[in-house]
Amino acid sequence: MGKVVGSVVSTQKDTSLVGRKLMIVRQVDSNGEPMSREEVAADTVGAGIGEYVLIVRGAGARHSFNENTSQQEVMDAAIVGIIDRFDK
Amino acid sequence: MGKVVGSVVSTQKDTSLVGRKLMIVRQVDSNGEPMSREEVAADTVGAGIGEYVLIVRGAGARHSFNENTSQQEVMDAAIVGIIDRFDK
Amino acid sequence: MGKVVGSVVSTQKDTSLVGRKLMIVRQVDSNGEPMSREEVAADTVGAGIGEYVLIVRGAGARHSFNENTSQQEVMDAAIVGIIDRFDK
Amino acid sequence: MGKVVGSVVSTQKDTSLVGRKLMIVRQVDSNGEPMSREEVAADTVGAGIGEYVLIVRGAGARHSFNENTSQQEVMDAAIVGIIDRFDK
Amino acid sequence: MGKVVGSVVSTQKDTSLVGRKLMIVRQVDSNGEPMSREEVAADTVGAGIGEYVLIVRGAGARHSFNENTSQQEVMDAAIVGIIDRFDK
């Protein structure tokens, strides 16, 4: 779980990253409390700054882009869902 | 090892996540003591809130859903067992 | 490196886990000093409680079970060796 | 996200590493503040010392080299973009 | 980056580990300062105790052994280079 806090701008990058929205996501717990770790994840669901999101890493992240091109994809983290709420 | 503490509700998400029960799991040690990390895992065994569970990550998690569709799955964590007890 | 401290009992679980011995392993350093992290790993070498063991994670763990069935395996950690001693 | 702080010189190494620029990257948060972890990543975009970079790990890193040889590649981290700025 | 601090002796182990030199590696930063984590990695470059080394994990580690047998390999960490010096 994470919260989108910004984005990164990168001109010089791997060709598989061209056109991707690269968001800065801070890890949070289920109370929405921020933890110290931040990472960059490619957005696949239209997440905006301030939203809580579901992040996946590794091959799962590449599956979210396009299964046919996953052998060329380099990104290793993706936002795959916007979290409406935590039920506890 | 983890303990189910809740679930997340997400409307806007990757199509491979539609219909999945996405649980919030807090890591615990074998005394059931909670550790600080929480994560979201897809439930595959009918785990309920408060239960201790076995979690797997990465490709192993995708194998728990359906081996035929694992190239489209994006989820990277799954609950694959309910822990009845810790023997020490 | 880890030390086997117990096992978990799970009745309701993924079918690929049926018959597996699921051990609780606490990470240790090469002085045998325990660190805080514990995890569940499938035993493949007959390790007993109190023994120091070699653990692998991810696809390597699934290779230790049976290469023909690795697409159905969900487990992501395995005990693949018993450590007789640390040479330093 | 990381910041390039140096490089490593290695003569005796796996053949897949010959000719690679192996940079030392320190993790940073989106304020550019350094965190404690450092790692070695293969540069694929011409990143220089002092630049903020996007790092990927695992299979994604190997995809950045050359998809045809990824079965022989051993490296597990790559610099795949130079970060111009953080938008927050 | 790590520093080789010893080796482990294991008689009872997965057959893919027979004949492998299993070294204990302590993580270091680029000043050579030790960090708390230790792990076991298979040596593929003739690294000796006291040397600084490059470590890879996961599938990359298995590629360093032999690409033809990587489906049977269980090891998930390998020493793939000896670091002559850190340039900073």
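Protein chains in written order, with this note's numbering: chain A, 40 to 127; chain B, 40 to 127; chain C, 40 to 127; chain D, 40 to 127; chain E, 40 to 127.
All C-beta atoms, glycine included, are put in the ideal place defined by N, C-alpha and C.
- If you draw a straight line from the Cα of R76(D) to the Cα of K42(D), it is about 11 Å long.
- V84(E) is not a Cβ neighbour of Q110(D), given a cutoff of 8 Å.
- DSSP places R76(C) inside the beta strand (DSSP E), whose first and last residues are P73 to D82.
- Taking a contact as a CB-CB distance under 8 Å, the pair V79(E) and L93(C) counts as one, their CB atoms being some 6 Å apart.
- For the segment 91-125 of chain E, the set of positions with a beta-carbon nearer than 9 Å to some beta-carbon of chain C reads R96, G97, A98, A100, R101, S109, Q110, Q111, E112, V113, M114, D115 and A116 in chain order.
- Excluding sequence positions up to five before and after F104(E), its CB lies within less than 6 Å of the CB of E112, all in the same chain and listed in chain order.
- Taken in chain order, the members of the segment 68-90 of chain E whose beta-carbon sits within less than 9 Å of a beta-carbon on chain C are S75, R76, E77, E78, V79 and I88.
- As the crow flies, the alpha-carbon of V48(E) is around 49 Å from that of G45(A).
- The shortest C-alpha to C-alpha distance from G89(A) to any of A81(A), I63(A) and A98(A) is the one to I63(A).
- Any Cβ of chain D closer than 8 Å to the Cβ of M62(E) would place that residue at the interface, and such an atom is absent.
- The shortest CA-to-CA distance from V119(A) to any of A100(A), L56(A) and V57(A) is the one to A100(A).
- Identification of chain D residues near K127(E) by a Cβ-Cβ cut-off of 9 Å yields V44, G45, S46, I63 and I88, ordered along the chain.
- The beta carbon of D82(C) sits closer than 7 Å to those of K60, M62 and I118, all from its chain and outside the five residues before and after it, given in chain order.
- Under a criterion of Cβ atoms nearer than 9 Å, the residues of chain A adjacent to Q51(B) are, in order, V84, G85, A86, G120, I121 and D123.
- In the structure shown, G58(B) adopts coil according to DSSP, grouped into three states.
- Between the alpha carbons of G58(A) and M114(A) lies a distance of about 13 Å.
- DSSP places G45(B) in the strand class (E or B) of the three-state scheme.
- Around G97(A), the same chain offers D115 as residues with beta carbons nearer than 7 Å, after the five sequence neighbours per side are excluded.
- With a threshold of 16 other beta carbon atoms within 10 Å, D53(D) meets it and is buried.
- Of the candidates N107(D), V95(D), N70(D) and Q66(D), N70(D) places its Cα closest to the Cα of K127(D).
- The straight-line gap separating the alpha-carbon atoms of V95(E) and E72(A) is approximately 33 Å.
- Looking from the CA of S55(A), the closest CA among I122(A), R124(A), N107(A) and I121(A) belongs to N107(A).
- Residues of the same chain with a CB within less than 8 Å of the CB of V67(B), apart from the 5 flanking positions on each side, are M40, G41, K42, P73, M74 and Y91 in chain order.
- DSSP places G97(C) in no alpha helix (DSSP H); its state is neither H nor E.
- Going by C-alpha positions, I121(B) is about 39 Å away from R65(D).
- Across the structure, A86(D) and D123(C) are spaced so that their CA atoms are roughly 45 Å apart.
- Under DSSP, K52(E) shares a beta bridge with G120(C).
- Counting only the Cα atoms, H102(A) lies some 14 Å from H102(B).
- As the crow flies, the alpha-carbon of F125(E) is around 29 Å from that of F125(C).
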